[in-house]
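Protein chains in written order, with this note's numbering: chain E, -12 to 335; chain U, 102 to 629.
All C-beta atoms in this analysis are idealised placements derived from N, C-alpha and C, irrespective of residue type, glycine included.
Every value quoted in this text rests on a predicted model; they were computed, and no experiment measured them.
A short write-up of the structure that comes next.
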């Protein structure tokens, strides 16, 4: 019996020893690897980063992201070539597949475009579209005449498109985006935009400052008007209809649909017109353009002459009624009948 | 600074000269020391900021109050515009008429005018397709007015919608579109390509009925029209101006807006067509060879599609608005500034290449009758003073003159060719014998009103257009034309230019002098 017990226990004692040996070996290996990975781990300061006294607050280093992101590399010939491939390839395909755009009003740009062709360098302009979706930028880039598309800068929200390195690289490379602080544009940013325009680049800037939260427009901020006054170039209002339904703010995935892009006539600030008034004029022109895009030229002209253009920002109702009324904003079919937009309940 | 037109005396070192041959072209060598080539002036510089100039013209019109002062709430406003017979080739978008109409509509909207109709002033021409309306007026105007029924083609056979405004002291009845006649104001949007266009002719022919047009579109008037480009020596224009005075005295107020364009008719790669041959670069020569060889291999339908798709990069050289007669005088000065070339004396022979297009076949086929109309009607009349060829001289044209007709656009032309020209080529005789039958034919009338056909009487008018040239020339030869068709026109076919000159020697002797009208661009020879 005893012999039997010994035969049974023997392997167990050998096993325990083996485990102990293996544990010791792995511990030695781990600490060796750790030392190899951090050779100065045992040494401490000054070989390692100092620890901070609890009573001291160390000032943060200025970030190289956000508004401070330097996009100079995106203007190198290689980056330009890559952007050309992106714009003519994936972007073109995506815009056509997802947004099926119909473009109106390009004839209003023909004089400027023609001058561009004659001189072989396009006169820079500021495109000022309304903003409903991330797709707006691609849609506008693909809709504007090629004369401007080649030298184009997009003013993009620094806090959204430049808050991480990967986003900043993608935005700068594919859109030639330039970070803009939405709340308060610094002098250096406006100087940089002015210099880029002076170098012959055109600009896409959203006067609303961000995407519409509910499908209606927002009051215009003065960026486009200010830059036009500072640089003397024309502002071209662009009304986009349809992208909010495709991929509006808060949407989880895009829903392919149809869009309309309507270009307005070039606008310059008047002799005695300050930035605020010019901005108001751009907004009222956009309202007329929106009316034209959703009704027709003559109706929009008469309403604008009477000061009755429908407001971009929508009625002053509570939120669900504003959303309900969006259903009426739909272009008439050629027969004059309005195809109603499907009414939607607010997402709760 | 564009160079003016000039006359080149051909010598042995002159390169062969470009001739249109319908939807193609060729180079022909003209005899040295007795030939001359008349080159048109280079295109004048266009206006920058055209919309601003149009608005300025509307606010500062000639001999009329500014347009906003004429627009009142509750008024009836009619805007008429030239049809697709202008410009040739069609103008690159946006067309001047779109710019004018939009500027007028902006002012009308500001003034609170609700009752606005827009009418294509096409006279007896074919109706405009919707896509042509869109090209001329732009999508905005078409989308706003066409679904409401406020943008449409004039109908010269809709007798319920025609009205007699009055009668001239020569007994000519002015019968025009009722809506226009009963309006408080008519605004006319015009594009002036040659001196024949514009003035009272815009309204008095564009919105008129057959009865009204027959007073001046007849063999007698057109034989006494010397020339179509010289209003003051044109019986046609005299009659039209008399009717214009009736309209002024008895009709609504007319606010005429006229624009003149330069001769920049061909975009790349056809720019070499307007160059002087000795200035052709290696690229131009390669383009000429490439295009002419390719065109020779193509079927006619493909060539037509190619040429009729050309959109001319014209530039506008002037805009004037206000009282029709005052406006038109300034327009004529501006047109002449672009077109006039001084030429000394007449020659025995006039040569000309006939292009693929005339005012009556936009998007269509240049049939044999239109070849005659273009050669003896338009190009022969490109003079002021005296014709370029002496009375009894020879006119030589180059064109394939195929017996092709557009069945939708030109149904009455087919019967005219088979029936009328088989009987007579004399305008006066066909006028008395055949015109009424074609003009009052119910089927042609139906096609004109509901399809896209020229009016039944239109081939007669096209033929009368060449009446002066036909009477003046001793012989007309078509080089490269389909012989049976050329003979049906009453002309002589020739296979080459040398043959044509040989045939012409029967009429003008062995050593005739020759003038060649170099087209494109457009020129008017001021013959002393």
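**Asked** Counting pairs of beta carbons, one from the region 186 to 202 of chain E and one from the region 108 to 125 of chain E, are three or more of them closer than 8 Å?
**Response** yes
**Asked** Would you say residue 210(U) faces chain E, with C-beta separation under 8 Å as the test?
**Response** Closer than 8 Å: yes.
**Asked** If you count every other CB in all the chains shown that lies within 10 Å of the CB of residue 340(U), and 16 or more means buried, which is it?
**Response** buried
**Message:** When you compare the CB of residue 480(U) with every CB in chain E, is at least one pair closer than 8 Å?
**Reply:** The Cβ of residue 480(U) sits no closer than 8 Å to any Cβ of chain E.
**Message:** Looking at residue 195(U): is its Cβ nearer than 8 Å to the Cβ of residue 449(U)?
**Reply:** Not closer than 8 Å, so no.
**Request:** Assuming residue 226(U) and residue 555(U) form a contact by the criterion Cβ under 8 Å, report the distance between their Cβ atoms to the nearest whole angstrom.
**Result:** 6 Å
**Request:** Would you give the residue range spanned by the beta strand (DSSP E) that residue 251(U) belongs to?
**Result:** No beta strand (DSSP E) contains residue 251(U), which DSSP labels as neither H nor E.
**Message:** Which residue wins for smallest C-alpha separation from residue 490(U), given the options 409(U), 379(U), 282(U) and 627(U)?
**Reply:** Selected option, being the one with the closest Cα: 627(U).
**Asked** With distances taken between CB atoms, is the gap from residue 287(U) to residue 158(U) smaller than 8 Å?
**Response** no
**Request:** Could you say which of 360(U), 345(U) and 401(U) lies nearest to residue 353(U) if we only look at CA atoms?
**Result:** Of all alpha-carbon atoms in 360(U), 345(U) and 401(U), the one lying nearest the alpha-carbon of residue 353(U) is that of 345(U).
**Environment of residue 321(E) [buried if 16+ CB atoms lie within 10 Å]** = Its pLDDT being 48, under 50, residue 321(E) is placed unreliably by the model, and the measurement read from it follows with that caveat. By the neighbour-count rule (16 or more Cβ atoms within 10 Å), residue 321(E) is not buried but exposed.
**Prompt:** Which residues in chain U sit within 7 Å of residue 56(E), going by Cβ to Cβ distance?
**Reply:** Those do not exist, as residue 56(E) stays about 39 Å from chain U at its closest Cβ, beyond 7 Å.
**Message:** Just checking: is the beta-carbon of residue 321(E) within a distance shorter than 8 Å of some beta-carbon in chain U?
**Reply:** Model confidence at residue 321(E) stands at a pLDDT of 48, short of 50, so the residue's coordinates are unreliable; what they give is reported in the following sentence. So yes, residue 321(E) belongs to the interface.
**As assigned by DSSP and simplified to three states, the class of residue 456(U)** = strand
**Item:** Amino acids of chain U, ordered along the chain, whose beta-carbon sits closer than 8 Å to that of residue 97(E)
**Value:** 193, 194 and 195
**Request:** May I ask you to report which of helix, strand or coil DSSP gives residue 121(U)?
**Result:** Here residue 121(U) sits in strand by DSSP.
**Message:** Starting from residue 240(U), trace the beta strand (DSSP E) in both directions and tell me its first and last residue.
**Reply:** Note, residue 240(U): premise wrong, no beta strand (DSSP E); alpha helix (DSSP H) at 231 to 246.
**Asked** Three-state secondary structure (DSSP) at residue 498(U)?
**Response** strand
**Prompt:** Quick one: does the C-beta of residue 54(E) sit closer than 7 Å to a heavy atom of the ligand GDP?
**Reply:** Annotation note on the ligand GDP: not contained in the displayed structure, which lists no ligands.
**Asked** Leaving out the 5 sequence neighbours to the left and right, which residues in its chain are closer than 6 Å to residue 154(U) when beta-carbon positions are compared?
**Response** 148 and 420
**Asked** Which term fits residue 273(U), buried or exposed, when burial requires 16 or more other beta carbons within 10 angstroms of its beta carbon?
**Response** By the 16-neighbour rule on beta-carbons within 10 angstroms, residue 273(U) is buried.
**Asked** Is residue 319(U) buried or exposed, if buried means 16 or more other CB atoms sit within 10 Å of its CB?
**Response** buried
**Message:** Give me, in chain order, the residues of the same chain whose beta-carbon lies closer than 6 Å to that of residue 252(U); leave out the 5 immediate sequence neighbours on both sides.
**Reply:** Scanning its chain for C-beta atoms nearer than 6 Å, with the 5 sequence neighbours on each side dropped, one finds around residue 252(U) the residues 219 and 246, in chain order.
**Prompt:** Can you tell which of 289(E), 286(E), 265(E) and 270(E) has its C-alpha closest to the C-alpha of residue 299(E)?
**Reply:** 270(E)
**Request:** Would you list the residues sitting across from residue 291(U) in a DSSP beta bridge?
**Result:** 359(U)
**residue 630(U) at chain E interface by Cβ criterion, 8 Å** = Nothing in the structure corresponds to residue 630(U), since chain U is present only between 102 and 629.
**Prompt:** Out of 393(U), 317(U), 291(U) and 214(U), which has the shortest C-alpha to C-alpha gap to residue 237(U)?
**Reply:** Here the closest residue by C-alpha is 291(U).
**Request:** On the DSSP bridge assignment, give the partners of residue 120(E) in chain order.
**Result:** 235(E)
**Message:** Does the CB of residue 103(U) have a neighbour CB from chain E at under 8 Å?
**Reply:** no
**Request:** Please go through the same chain and pick out, in chain order, the residues whose beta-carbon is closer than 6 Å to the beta-carbon of residue 267(U), but skip the five residues on each side of it.
**Result:** 275, 347 and 351
**Closest by C-alpha distance to residue 132(E), when choosing among 67(E), 289(E), 248(E) and 69(E)** = 248(E)
**Prompt:** What does a CB cutoff of less than 6 Å around residue 535(U) pick up in its chain, not counting 5 residues either side in sequence?
**Reply:** 521
**Message:** If contact is defined by three or more beta carbon pairs under 8 Å, each pair taking one atom from either stretch, is the region 195 to 215 of chain E in contact with the region 92 to 99 of chain E?
**Reply:** no
**Request:** Leaving out five residues on either side along the sequence, give the residues of the same chain with a beta carbon under 7 Å from the beta carbon of residue 560(U).
**Result:** The answer, listed in chain order, is 470, 513, 514 and 517.
**Prompt:** Can you name the residues of chain U whose CB is closer than 7 Å to the CB of residue 380(E)?
**Reply:** Any property of residue 380(E) remains undetermined from this structure, which presents chain E solely from -12 to 335.
**Request:** Return the bridge partner residues of residue 484(U) from the DSSP annotation.
**Result:** Its beta-bridge partners are 626(U).
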